[in-house]
Amino acid sequence: MALLLIRNNKDYEAWIDALHEADPSLEVLTPETAEDPNSVTMAVTWKAPNGSFEPYPNLKVIGSMGAGVDHLFNDPSLPKDVTLTRVVDEKLASDMEEFVLTLCLSHIKNLPLYRNLQDQTQWKPTQYKRVPDVQVGILGFGTLGQAVGQALQQTGFQVSGWSHSRKEIEGIKSYTQDELDNFLAQAEILVCLLPLTEETEGILNASLFSKLPKGAYLINVARGGHLVDADLIEALDNNHLSGAALDVFHTEPLPEDHPFWNRKDILITPHVASMSNAASVAPQIAENYRRMEKGEELKNTVSQKKGY
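This is the structure:
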């Protein structure tokens, strides 16, 4: 019985050390060291190449090393009879809270504008907004979205959230699936934290942008597949959106010839909003392995039907 690690960058050392620290009895393998594929009963992965799970006929569980699971569903050969899990980690949540809060404050205090003016040696004081006067909408109000929303609210922002079902969070207005237009109409800053599914792919498009207030600002820290790139450029060019901060992209690293690089109204960061730390998440992976061995219910399972 063994646990298999599969990463797109084959960076395994920190994960092996962390898992052995969490449970010294764990047999942790990689595709290079798995001499007996039949011994592998659980795989933990990040962006494994398509077909990576096919050599292991006894897989019972496949887990994501991070909160996102869309990379699992990108593999058409993903076994249909395995249990899928993801990471839920307080440190990942606090990292995302800090990142989104920083972007919101940077926007309303005009810091990107001043960075551009500095390059032009221009001194141009510009009116700023105050935190309590700004409405932030969280598109995707699940566990992570709620954590981000509460952090923004505690800072003083007006916050609302949109999700399939209504959430009861004190001081935050929750909109449901059929109330999307009303939610968008008041979102001066829109933060995308949706899971990437067939339903949400391309949701950040011209139609959605047109329903935001003029001058709204977009923050996408979810997945690049949510955004229609050309529609964002059009919304910026016609001044309906005032700018965007993008941490995720269709292709990563972002190609050097992509038009986003030349936009002063787009802040590009290299998918760093919230990064899994092996030492932090290894204990829950080890616990799920033990639960699997005992036939117990696993933590943080993912629905193959829903895609999240």
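Heads up: the sequence shown begins at 1 in my numbering, then just goes up one per residue. Heads up, the beta-carbon is just placed ideally off N, CA and C, and yes, glycines get one too.
1. Could you name the residues that DSSP lists as bridge partners for Tyr12?
2. Is the region 146-164 touching the region 201-208, taking contact as three or more C-beta pairs under 8 Å?
3. Answer yes or no: do Ile169 and Gln146 have a C-beta to C-beta separation smaller than 8 Å?
4. Rounded to a whole number of angstroms, what is the C-alpha to C-alpha distance between Pro195 and Ala230?
5. Could you round the C-beta distance between Gln312 and Leu59 to whole angstroms and report it? I think they count as a contact, below 8 Å.
6. Helix, strand or coil, according to DSSP, for Thr30 in the structure here?
7. Rounding to the nearest angstrom, what Cα-Cα distance links Gly137 and Gly63 in this structure?
8. Could you tell me if Pro112 is buried or exposed, where buried requires 16 or more neighbouring beta carbons within 10 angstroms of its beta carbon?
9. Which residue marks the beginning of the beta strand (DSSP E) containing Gln158, and which one marks its end?
10. If I measure Cβ to Cβ from Thr126 and keep anything under 7 Å in the same chain, skipping five residues before and after, which residues do I get?
11. Taking a contact to mean a Cβ-Cβ separation below 8 Å, would you say Leu139 touches Val221 in this structure?
12. Report the rounded CA-to-CA distance for Asn239 versus Ser39, giving the unit in angstroms.
13. Can you tell me whether Lys173 is helix, strand or coil according to DSSP?
14. Drop a sphere of 10 angstroms on the beta-carbon of Gln122, count the other beta-carbons inside from all chains shown, and report buried for 16 or more, exposed for fewer.
15. Tell me the residue span of the beta strand (DSSP E) that contains Gln135.
16. Helix, strand or coil: which one does DSSP assign to Leu254?
17. Should Ser52 go down as buried or exposed, given a rule of 16 or more other Cβ atoms within 10 Å for buried?
18. Under 8 Å by Cβ, that's how I've got Ser276 and Leu92 pegged, so tell me the actual separation to the nearest angstrom.
19. Looking only at its own chain, which residues have a Cβ that is under 7 Å from the Cβ of Lys173, when we skip the five neighbours before and after it?
20. Just the C-alpha distance for Leu78 and Lys47, rounded to the nearest angstrom, thanks.
21. Can the beta-carbon of Arg263 be found closer than 8 Å to that of Leu241?
Put simply:
1. The residue given as residue 12 occupies position 12 in the sequence shown. BP columns for Tyr12 are empty, so no partner.
2. Contact fails between the region 146-164 and the region 201-208, because fewer than three Cβ pairs, one in each stretch, are under 8 Å apart.
3. Your numbering for residue 169 matches position 169 in the sequence shown. Your numbering for residue 146 matches position 146 in the sequence shown. Contact annotation: Ile169 and Gln146 have beta-carbon atoms nearer than 8 Å.
4. As a working note, residue 195 is residue 195 in the sequence shown. As a working note, residue 230 is residue 230 in the sequence shown. CA-CA distance, Pro195 to Ala230, rounds to 21 Å.
5. The question about residue 312 has no answer here: the residues shown for the chain are numbered 1 through 308.
6. As a first step, residue 30 is located in the sequence shown; it is residue number 30 there, counting from the start. It is coil, neither helix nor strand.
7. Taking the sequence shown and counting its residues from 1, the one referred to as residue 137 is at position 137. Taking the sequence shown and counting its residues from 1, the one referred to as residue 63 is at position 63. Their backbone Cα atoms lie some 30 Å apart in a straight line.
8. Here the question's residue 112 lines up with position 112 in the sequence shown. With 16 or more other Cβ atoms inside 10 Å of its own Cβ, Pro112 counts as buried.
9. For the purposes of this step, residue 158 is identified with residue 158 of the sequence shown, where counting begins at 1. Here the beta strand (DSSP E) through Gln158 covers Gln158 to Trp162.
10. As a working mapping, residue 126 is identified with position 126 in the sequence shown. Excluding its 5 nearest sequence neighbours in each direction, Thr126 has C-beta neighbours in its own chain below 7 Å: Asn110 and Leu113, listed in chain order.
11. In the sequence shown, the residue the question calls residue 139 occupies position 139. In the sequence shown, the residue the question calls residue 221 occupies position 221. Going by C-beta atoms, Leu139 is not nearer than 8 Å to Val221.
12. Position 239 of the sequence shown, counted from the first residue, corresponds to residue 239. Position 39 of the sequence shown, counted from the first residue, corresponds to residue 39. Roughly 58 Å separates the two Cα atoms.
13. Translated into positions along the sequence shown, residue 173 becomes position 173. DSSP, reduced to helix, strand and coil, places Lys173 within a strand of the structure shown.
14. By one-based count along the sequence shown, residue 122 stands at place 122. Gln122 is exposed by the Cβ-count criterion.
15. Within the sequence shown, the letter at position 135 stands for residue 135. Per DSSP, the continuous beta strand (DSSP E) segment holding Gln135 begins and ends at Gln135 to Leu139.
16. Indexing the sequence shown from 1 puts residue 254 at position 254. If DSSP states are grouped into helix, strand and coil, Leu254 belongs with coil.
17. The residue labelled residue 52 in the question sits at position 52 within the sequence shown. Under a 10 Å Cβ-count criterion, Ser52 is classified as buried, with 16 or more other Cβ atoms of the shown protein chains found around its own Cβ.
18. Within the sequence shown, numbered from 1, the residue matching residue 276 stands at position 276. Within the sequence shown, numbered from 1, the residue matching residue 92 stands at position 92. Indeed, because the Cβ distance is near 7 Å, the residues count as touching under 8 Å.
19. Counted from its first residue, the sequence shown places residue 173 at position 173. Result list for Lys173: Ser160, in chain order.
20. Residue 78 sits at position 78 when you count from the first residue of the sequence shown. Residue 47 sits at position 47 when you count from the first residue of the sequence shown. C-alpha separation (whole angstroms): 12 Å.
21. Indexing the sequence shown from 1 puts residue 263 at position 263. Indexing the sequence shown from 1 puts residue 241 at position 241. No, these two residues do not count as a Cβ contact at 8 Å.
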